[in-house]
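K.L.:
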Amino acid sequence: MRVVFWNCNGGFRNKYQYITKFDADLYIIAEVEGIDKLNNEQFKRDVQSEQYLAFPGDKKGLLVFTCRNEPIEPLHWDNYRMRYFMPFKFMNKTFLGIWSKDNYIEDIYLYTGFHLEKLADTILIGDLNSNVIWDSHHGYRTHSDFNELMASIKHISAYHDQSGEKFGKETQPTFFMYRKINRPYHIDYAYVPKGTQFEISFGSSHFLEYSDHLPMVLDL
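Taken in order, the sequence shown gives residues 115 to 334; the numbers are from our numbering.
1) According to DSSP, is His327 part of a helix, a strand, or is it coil?
2) Would you kindly report the start and end of the unbroken alpha helix (DSSP H) that includes Leu241?
3) I need the straight-line Cα distance from Gly175 to Gly240, nearest angstrom please.
4) Starting from Glu262 and walking both ways along the alpha helix (DSSP H), at which residues does that stretch end?
5) Locate the alpha helix (DSSP H) running through Thr226, then write down its first and last residues.
6) Helix or strand or just coil, what does DSSP make of Asp333?
7) Do Asn243 and Ile301 count as a contact pair if the criterion is CB distance below 8 Å?
8) Quick check: the Cα distance between Glu313 and Glu279, rounded to an integer number of angstroms?
9) Compare the Cα-Cα distances from Lys203 to each of Asp139, Asn153, Ser325 and report the closest residue.
10) Measuring CA to CA, which of Met205, Pro329, Gln165 is closest to Tyr198?
11) Quick one: which unbroken alpha helix (DSSP H) runs of 4-plus residues sit fully inside the region 272-314? Chain order, please.
12) Considering only residues of the same chain and omitting the five flanking positions on each side of Cys122, which have a CB-CB separation below 6 Å?
13) Among Arg293, Ile237, Val117, Leu263, which residue has its Cα nearest to the Cα of Thr335?
14) Grab me the residues of Val161's own chain with a C-beta within less than 8 Å of its C-beta, minus the 5 sequence neighbours each way, in chain order.
15) Should Pro170 be labelled buried (16 or more other beta-carbon atoms within 10 Å of its own) or exposed?
16) Would you decide whether Ser96 is buried or exposed? Buried here means 16 or more other CB atoms lie within 10 Å of its CB.
17) Pick out whichever of His327, Asp275, Val306 has its Cα sitting closest to the Cα of Ile299.
18) First and last residue of the alpha helix (DSSP H) that includes Lys151?
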């Protein structure tokens, strides 16, 4: 199974054709304008199942879709008024799509802590807006604390396991602030149960024409 996560930086109706070149089974897209505004004829023809989450008053939300003839089944976990977490099942696997806003890693730590017993076989993937280099900004719920929480349920970061790099020393950026090549950060992640067979890769820098994030490709 191929899963692609991408923070599209808005205007997804004009970017759909670029991300689907990855020919994924599942797409998780952040910063998508209201689903009713996706007036893209190719999207309407291709998509077989979708789920969209946006809080009242928010102009952008989190979209999950597939072009395969497989259902996306939402799971109704309490979000405790934290944005954005979308749990769902797809092709007999459980996923938690994340686009972190507000308190970033602190909310992620709380949300995953509240639902920890449900996460044993869950793949977490998304824009966490976080890195251990900013631990000092987050008191008692840091990214390092989150990594320990994931380790407690035997989850690993796919990128760090594959690359052998330490957290905070990533050589692969996922985000370029203001789309500037000299402002790179690693803030998009996939956490998978230990023992999962996977390969993780990222889209090329030409995606900076469309977004400040690179697509993240997780092959399972």
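Backbone N, C-alpha and C fix where the C-beta goes; we use that ideal spot for every residue, glycine too. The structure displayed is predicted, hence computed values, not measured ones.
P.N.:
On the basis of the coordinates in this document:
1) strand
2) It is Asp, not Leu, that sits at residue 241 in the sequence shown. That residue, Asp241, is in no alpha helix (DSSP H); its beta strand (DSSP E) goes 236-241.
3) 13 Å
4) 257-266
5) 219-228
6) strand
7) yes
8) 15 Å
9) Asp139
10) Gln165
11) 272-277
12) Lys129, Ile143, Glu145, Ser325
13) A question about residue 335 goes unanswered here, because the residues of the chain that appear run from 115 up to 334.
14) Phe179, Thr180, Cys181
15) exposed
16) No answer is possible for residue 96: it lies beyond the span of the chain, which begins at 115 and ends at 334.
17) A quick correction: the sequence has Tyr, not Ile, at residue 299. Among His327, Asp275, Val306, the Cα nearest to that of Tyr299 belongs to His327.
18) Premise fails: Lys151 is in no alpha helix (DSSP H) and is neither H nor E.
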